[in-house]
Amino acid sequence: MNRHPISAPDFMQQAALRDTQLSRLRQMVGRAYDNVTLFRQRMDARSLKPADIRSLADVRKLPFTVKADLRDTYPFGLFASPMKDIVRLHASSGTTGKPIVVAYTKDDIRVWTETMMRSFAACGLHEGDIIQNAYGYGLFTGGLGAHYGAESLGATVIPISGGNTERQLMVMKDFGVTAICCTPSYFLHLIDQSQQMGIDMKKLPLRAGIFGAEPWTEGMRERIEAESSLKAYDIYGLSEIIGPGVGIECEHQCGLHIFEDYFLVEIIDPQTLEPVPDGQEGELVLTTLSKHAMPMIRYRTRDITALYPEPCHCGRTIRRIRRIGRRSDDMFIIRGVNVFPSQIEAALLRVEGTLPHYVIVLTREQDLDQVEVQVEVTPDFFSDEVRVLEELQKKLVHSIESITGIRVAVRLVAPKTIQRSEGKAKRLLDKRKM
Amino acid sequence: MKLQQLSVFLENAPGQLQLPIDALAKAGINIVTLSLADTEQFGILRLIVEDPQKAQAVLEKVGCVVKVTDVLAIEVADQPGGLSHILNVVGKAGLNIEYMYAFTEKRSGKGLLVFRFSDSDAAIAALQTAN
Chain A
3 MNRHPISAPD FMQQAALRDT QLSRLRQMVG RAYDNVTLFR QRMDARSLKP ADIRSLADVR
63 KLPFTVKADL RDTYPFGLFA SPMKDIVRLH ASSGTTGKPI VVAYTKDDIR VWTETMMRSF
123 AACGLHEGDI IQNAYGYGLF TGGLGAHYGA ESLGATVIPI SGGNTERQLM VMKDFGVTAI
183 CCTPSYFLHL IDQSQQMGID MKKLPLRAGI FGAEPWTEGM RERIEAESSL KAYDIYGLSE
243 IIGPGVGIEC EHQCGLHIFE DYFLVEIIDP QTLEPVPDGQ EGELVLTTLS KHAMPMIRYR
303 TRDITALYPE PCHCGRTIRR IRRIGRRSDD MFIIRGVNVF PSQIEAALLR VEGTLPHYVI
363 VLTREQDLDQ VEVQVEVTPD FFSDEVRVLE ELQKKLVHSI ESITGIRVAV RLVAPKTIQR
423 SEGKAKRLLD KRKM
Chain B
769 MKLQQLSVFL ENAPGQLQLP IDALAKAGIN IVTLSLADTE QFGILRLIVE DPQKAQAVLE
829 KVGCVVKVTD VLAIEVADQP GGLSHILNVV GKAGLNIEYM YAFTEKRSGK GLLVFRFSDS
889 DAAIAALQTA N
């Protein structure tokens, strides 16, 4: 595969890469310490000054950051730049109904655009490609992140956003689309629908799918690649760090290269918080090296993976992580949206006043993730009138949608039918076969 | 006449009706009449029984969600026009019927219509005035 000029930093000499990381880390820690109260207080509590960070290993002296820190400082408490320098805000769902807000300066957008360009380039895309961007445009980082990267690469972008499957397929066929960005489950849905519309996905000029925003498996990749003409690439990212474009698979599809010149990777044991040896499974912890508006120090992603230290056949020097298969907490990702059981709980409480027994059942029907919240009927809200119960169902659906942003099915079930567990209630039943 | 009706929540699945009906049978409670309302996902079993208080306790003991509601049982002559006359009164009074069902009382042989009005007192008043 011809190397795209934008990909040059992917092939940087190891020594130069580590030097770049260290100098960026030191500058970033300085900015975070000077401008973000939370980071300064935590470092002061450890009698740590930015000057104490002298080597990359010194990153371990720094305190971790967790999702709750973003929630607690909602909306702007972790910003390190004044609003006049911030050109973009995005938001994703948080644990209690309040979203998590992330910010970008012009330079942050430039870096994000660059990592997305390098992501597309790693998948063999370049000028002349026609990229259908079916990630949602809006507060979600997926849409605009992919858009900027694809456009800057010189590709032709179709900003179709999510939804409207028939139109997606019509555009894909009529416009001669060569690459698509969406969630892998949505692409499987497109494959299924294409058959009904008489479109043969194996005969389209599609050659790359950039799939992310939810965990997926080799089994899904095999099916996608068997039933369409494209190669399916896994892209990794999270809003707290930058959005999509933190890591990407190359043509060898054997782990995701992390753009290490911008993101510092650690893998820790989620219990002891100590680093694990290379190759061993643990929680991915990321530190942003160049972010200005919202630097992130040792952010615990909750994603479970392993770091592959050995070089990839593609020649990239930036290291790879194993594909993300699971998370270390109970958050689940549905149609690209992060959802916590606690959000569902808050939504139920809001409607009923008291918390009924409930369970969240995840299934995959026709390759689309489905959520059903089963709620046990209690004497408090039971009625002899069908209308009243149906209205209650609607209220619950609406309440959950207003907090999580996703539409779920609510099923009323008989009392005592949801299994009770000892200790922490099992609120999530993931029946998705992946 | 006001009657106490028991409503029981049921999932719309095979075997769901068995539990409350068996419990009443074991407790020796006779069912005067019943009606089932069903939706795609769930159903509501509405019961008129001889001893509603005891029945409620029995059903709750086996884990049913039970609601007791006042319904209006109206006697009609078992002949053409019996129901039409009542509906006429109800309609003129602007009363909304949430649901209704009918049964024949075995001793008198008369038809009994069970109405659930959103406001049963207003319904009683309207029917008494009409008679």
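Chain order of the listed sequences is A and B.
For any residue, its number in my numbering is found by taking its place in the first sequence, counting from 1, and adding 2.
For any residue, its number in my numbering is found by taking its place in the second sequence, counting from 1, and adding 768.
Ideal Cβ placement from N, Cα and C applies to all residues, glycine included.
Collapsing the DSSP output to three states places Y35 (chain A) in a helix. Here D305 (chain A) is buried: its Cβ has 16 or more other Cβ atoms, across all protein chains shown, within 10 Å. In this structure, the straight-line span from the alpha carbon of A10 (chain A) to that of L141 (chain A) is close to 31 Å. The C-beta separation of F871 (chain B) from L880 (chain B) comes to about 6 Å, placing the pair in contact by the 8 Å criterion.
DSSP places N864 (chain B) outside both helix and strand once states are collapsed to three, so it counts as coil. Contact between V844 (chain B) and L851 (chain B) holds, since their C-beta atoms are separated by about 6 Å, short of 8 Å.
Neighbours of L414 (chain A) in chain B, taken as residues at a C-beta separation under 7 Å, are given in chain order as Q809 and F810. Excluding its 5 nearest sequence neighbours in each direction, L64 (chain A) has C-beta neighbours in its own chain below 6 Å: I299 and R300, listed in chain order.
Contact between I55 (chain A) and L91 (chain A) does not hold, since their C-beta atoms are separated by about 29 Å, which reaches or exceeds 8 Å. For the segment 825-847 of chain B, the set of positions with a beta-carbon nearer than 8 Å to some beta-carbon of chain A reads G831, C832, V833, V834, K835 and T837 in chain order. Using a Cβ-Cβ cut-off of 8 Å, L391 (chain A) counts as an interface residue toward chain B, since at least one Cβ of chain B sits closer than that to its own. The Cβ atoms of G32 (chain A) and S121 (chain A) lie no closer than 8 Å to each other. The DSSP assignment places no complete run of the alpha helix (DSSP H) inside the segment 345-397 of chain A (cut-off: 4 residues). Straight-line spacing of the CA atoms in N37 (chain A) and M85 (chain A) works out to 13 Å.
Bounds of any alpha helix (DSSP H) do not take in K835 (chain B); it lies within the beta strand (DSSP E) bounded by V834 to V844. Per DSSP, reduced to three states, the secondary structure at L171 (chain A) is helical.
By the C-beta density criterion, Q345 (chain A) is buried, having at least 16 other C-beta atoms within 10 angstroms. In the same chain as E828 (chain B), and ignoring 5 residues on each side of it, the C-beta atoms closer than 7 Å to its own belong to V834, in chain order. Using a CB distance cut-off of 8 Å, L778 (chain B) counts as an interface residue toward chain A. Within the segment 86-155 of chain A, the runs of beta strand (DSSP E) at least 3 residues long that lie entirely inside it are, in chain order, 88-94, 102-107 and 132-135. In the DSSP annotation of this structure, T319 (chain A) is not part of any beta strand (DSSP E), being labelled neither H nor E. For Y76 (chain A), the three-state secondary structure derived from DSSP is coil.
For the segment 368-382 of chain A, residues whose beta-carbon sits nearer than 7 Å to a beta-carbon of chain B comprise V379, T380 and P381. The alpha carbon of V103 (chain A) has as its nearest neighbour, out of A:G245, A:F78 and A:R169, the alpha carbon of A:F78. With a contact defined as Cβ atoms closer than 8 Å, V375 (chain A) and L431 (chain A) miss out at about 11 Å. DSSP places R884 (chain B) inside the beta strand (DSSP E), whose first and last residues are G879 to F885. Residue contact with chain B for K100 (chain A): absent (no Cβ-Cβ distance below 8 Å to any residue of chain B).
Contact between the segment 265-283 of chain A and the segment 203-221 of chain A is not established, with fewer than three Cβ pairs separated by less than 8 Å. Out of A:K100, A:T185 and A:S83, the CA that lies nearest to the CA of A70 (chain A) is found in A:K100.
Residue state for T219 (chain A) is assigned as coil, using DSSP reduced to three classes. For I405 (chain A), same chain residues with a beta-carbon under 7 Å away, outside a window of 5 residues either side, are G99, Q345, A348 and A349 in chain order.
When the five nearest sequence neighbours on each side are left out, the beta carbons in the same chain lying within less than 6 Å of the beta carbon of T837 (chain B) are those of Q773, in order along the chain. Scanning its chain for C-beta atoms nearer than 7 Å, with the 5 sequence neighbours on each side dropped, one finds around E262 (chain A) the residues L19, Q23, I320 and R321, in chain order. Sequence-distant Cβ neighbours of E216 (chain A) in its own chain, meaning closer than 8 Å and more than five residues away, are T185, P186, S187, I335, I336, R337, G338 and D371.
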